Amino acid sequence: MSPSQITLVTGPPGGGKTTWIRQQLSQSQDSIIYFAAGAGSLPIDGVHLGVEFRHLKVLLEGQEEDLLQHIQTGIPVIVEMAFHIDPVQMQQIFGHFECHWVGITSDPDQDSESYLWADELIPGQALLPPLRDPQIWRAPLTGQVWDPASLELFWDELLMGAYGQIYRVKGIFEMPEGQAIFGEFTKGSQRTYLDDFDVLDMPRHVKGRPQRLTGLEVLGRHLDTRSMSQTVQDSCLSDLVLADYQRQIQEAIDRGELAA
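So in our numbering, the last one in the sequence shown is 555, and the numbering has no gaps at all.
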């Protein structure tokens with residue numbers, strides 16, 4: 296990325312926006328700002344990228360003034376736009392700056408929106424047709440630690456349609472061993488299991504409840520959000536159980552059986 300360049304990345308959910316951004320970040324060690332437009336206070340992809348690339352600073356929605364200040368200092372900025380964000384809204388924010396619009400699309404012949412806005416079209420992942428009138432359900436989970444067996448069961452139920460028609464799922468989850476893991480799934484792609492999740496390169500947390508940003512985002516239709524909320528609540532550990540887990544993990548660390 297060239298200095299002071301603003302790159303806006305748009306495309307369908309699960310289409311490869313974050314994959315393309317990861318490729319760009321791997322080619323530079325310079326400081327870069329990442330902003331997820333439409334992710335609210337839960338930029339799951341941004342957290343994942345920020346752990347992998349230490350030179351990346353992740354800003355949340357609500358920090359637009361900080362974002363504009365960084366732009367004025369000449370730091371490169373990548374804006375990942377959620378599928379439901381109107382490009383006109385982004386134009387109102389960034390229209391006074393030099394921007395490069397990148398459209399990630401699996402079918403350029405049908406993606407008229409990308410043609411309208413993109414300076415550059417990038418082939419993305421082949422996807423099933425997107426859902427009509429999709430719902431987005433987000434569950435902030437900072438401080439919550441999952442029972443592994445319960446997370447595995449919930450993930451299986453989720454992908455099998457127990458909570459509605461699923462198109463895209465992604466999340467970061469704290470585990471009792473003190474590690475955080477990232478998992479994702481897009482309809483039409485290979486099914487994922489708990490063993491497929493990425494262990495994030497973060498310090499092992501074994502004392503009290505972690506305050507790292509974690510959460511779950513589900514995109515689909517006819518979502519049973521009440522049942523999902525209850526299952527998530529039931530799947531996370533109580534203070535007493537968590538303390539017992541952490542005591543055992545700390546003892547294993549002290550014996551040299553686990554890395555701190």
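We put the beta carbon where it would ideally sit given N, CA and C, even for glycine.
Note that the structure is a prediction, hence the values are computed from the model and not measured.
Label His-350 either buried or exposed according to how many other C-beta atoms from any shown protein chain fall within 10 Å of its C-beta, with 16 as the threshold for buried. exposed
Give the range of the alpha helix (DSSP H) segment to which Tyr-540 is assigned. 534 to 549
Quick one: Cα of Ile-388 to Cα of Glu-356, how far? 13 Å
How about Gly-341 and Val-353: are their beta carbons less than 8 Å apart? yes
Among Gln-528, Met-385 and Gln-386, which has the Cα closest to the Cα of Phe-449? Gln-528
Helix, strand or coil at Phe-449 according to DSSP, with G and I counted as helix: helix
Mark Ser-530 as exposed unless 16 or more other C-beta atoms lie within 10 angstroms of its C-beta, in which case mark it buried. buried
In angstroms, rounded to a whole number, what distance separates the CA positions of Ile-417 and Thr-520? 34 Å
Is Ser-297 helix, strand or coil by DSSP? With a pLDDT of only 45 at Ser-297, under the threshold of 50, the placement of this residue in the model should not be trusted; the figure read from the coordinates follows. The answer is coil: DSSP assigns Ser-297 none of H, G, I, E or B.
Should Val-440 and Val-513 be called a contact, given that it needs their Cβ atoms to be closer than 8 Å? no
Candidates Thr-437, Tyr-458 and Pro-429, of which the one nearest Gln-525 by Cα: Tyr-458
CB-CB length for Pro-371 against Asp-325, believed under 8 Å: 7 Å
Please name the residue or residues paired with Arg-463 in a DSSP beta bridge. Thr-481 and Leu-514
Looking only at its chain, what residues have a beta carbon closer than 6 Å to the beta carbon of Leu-489, apart from the 5 residues adjacent to it on each side? Glu-447
Under 8 Å, with one C-beta from each stretch per pair, do the region 320 to 339 and the region 428 to 435 reach the 3-pair mark? yes
To the nearest angstrom, report how far apart Gln-543 and Lys-312 are at their CA atoms. 40 Å
Taking C-alpha atoms, which residue in Ile-461, Trp-315 and Gly-309 lies nearest to His-517? Ile-461
Starting from Lys-352 and walking both ways along the beta strand (DSSP E), at which residues does that stretch end? 351 to 354
Just to confirm, are Glu-393 and Ile-301 a CB contact at a threshold of 8 Å? yes
Going straight from the alpha carbon of Pro-307 to that of Ile-548, what length do you get? 43 Å
According to the neighbour-count rule (16 or more other Cβ atoms, all chains shown, within 10 Å of its Cβ), is Gly-503 buried or exposed? exposed
Indicate the three-state DSSP secondary structure (helix, strand or coil) for Gln-525 in the structure shown. helix
What whole-angstrom Cβ distance do Phe-492 and Gly-478 have, given they're in contact under 8 Å? 4 Å
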